[in-house]
Structures are given as C-alpha cells and as structure tokens.
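Enquirer:
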Amino acid sequence: MAEVIWTEPALNDLDAIADYIAIEDPEAAARLVERVFRHGEQLESNPRSGSRPSELSGSRYRQIVEPPCRVFYRYDGKNVPILHLMRSERLLMPGRLRQRHRKRV
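The numbers in our numbering rise by one with no breaks, and the one at position 101 of the sequence shown is 101.
1. In this structure, does DSSP put N12 in helix, strand or coil?
2. If I measure Cβ to Cβ from S45 and keep anything under 8 Å in the same chain, skipping five residues before and after, which residues do I get?
3. If I measure Cβ to Cβ from W6 and keep anything under 6 Å in the same chain, skipping five residues before and after, which residues do I get?
4. Grouping DSSP H, G and I as helix and E and B as strand, with all else coil, what is R74?
5. Tell me, to the nearest whole angstrom, how far the beta carbon of R70 is from that of M86; I am working on the premise that it is less than 8 Å.
6. Please return the same chain residues whose Cβ sits closer than 8 Å to the Cβ of D19, not counting the five positions on each side in sequence.
7. Rounded to a whole number of angstroms, what is the C-alpha to C-alpha distance between R74 and R62?
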C-alpha cells in the first residue's frame, strides 16, 4: 500500500480553490474538498489510477480530475506525494509542478 502525502503547497492550492467556490456556495466547496480527499485515499491502494497529463505525456506525473480541479501527483513505488492542484480551465505550467517535486524530494 502506498503512502499518500499531501504537500503543503497542494493543500494551499485546495484551500484557495475551495475559498473561491465558497464565496458563492459554501456547501459546494465543502463537497469538493471531500471528493478530492476521497481520491487521495483511493491512491493508497491504486497509485497508478490517475491519467498522465497531456502536457506532460512523457513524464512520470499523473493527475486525477475532479471538476473543477486537476490533482497532480507522482508515484515513486512507495510514496504518492500530492504536489499541485489547479482549476481545470487554467493552463498547466510544467515548471511549477517540477519545482514542487524537487522541493519535496
């Protein structure tokens, strides 16, 4: 079983997204957070379940899409660090994802 590790930057990303949604609908924000954490729990038993981001097709990064979010992680055979969350309509900046992974390692 893999260990899922929520990095501080990823948790901050989730907080920012949920805070924005909560302006209009606090219950929707709470449901989103719950669904995202549920995906994290599923990664413990199935860490390769996410898809490879099209922007990073040749990399080892994976994503889980939980609208309106994309959750990025990387499985190293033992750990699953959750590195970055973003709204799905935004463009991914691969450098930011790689930078967060380097800080984590």
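A virtual CB, placed ideally from N, CA and C, is assigned to each residue, including glycine.
Expert: Working from what's here:
1. As a first step, residue 12 must be located in the sequence shown, where it is residue number 12. Helix at N12.
2. Here residue 45 refers to the residue found at position 45 when the sequence shown is read from its first residue. Here the set comprises M1, A2.
3. What you label residue 6 is simply residue 6 of the sequence shown in a count that begins at 1. Once the five neighbours on either side are set aside, the close Cβ partners of W6 are I82.
4. Residue mapping note: residue 74 aligns to position 74 of the sequence shown, counting from 1. In this structure, R74 counts as strand in the three-state DSSP scheme.
5. Position 70 of the sequence shown, counted from the first residue, corresponds to residue 70. Position 86 of the sequence shown, counted from the first residue, corresponds to residue 86. So it is a contact: roughly 5 Å between Cβ atoms.
6. Counting from 1 along the sequence shown, the entry for residue 19 is found at position 19. The answer, listed in chain order, is A29.
7. The residue given as residue 74 occupies position 74 in the sequence shown. The residue given as residue 62 occupies position 62 in the sequence shown. Roughly 6 Å separates the two Cα atoms.
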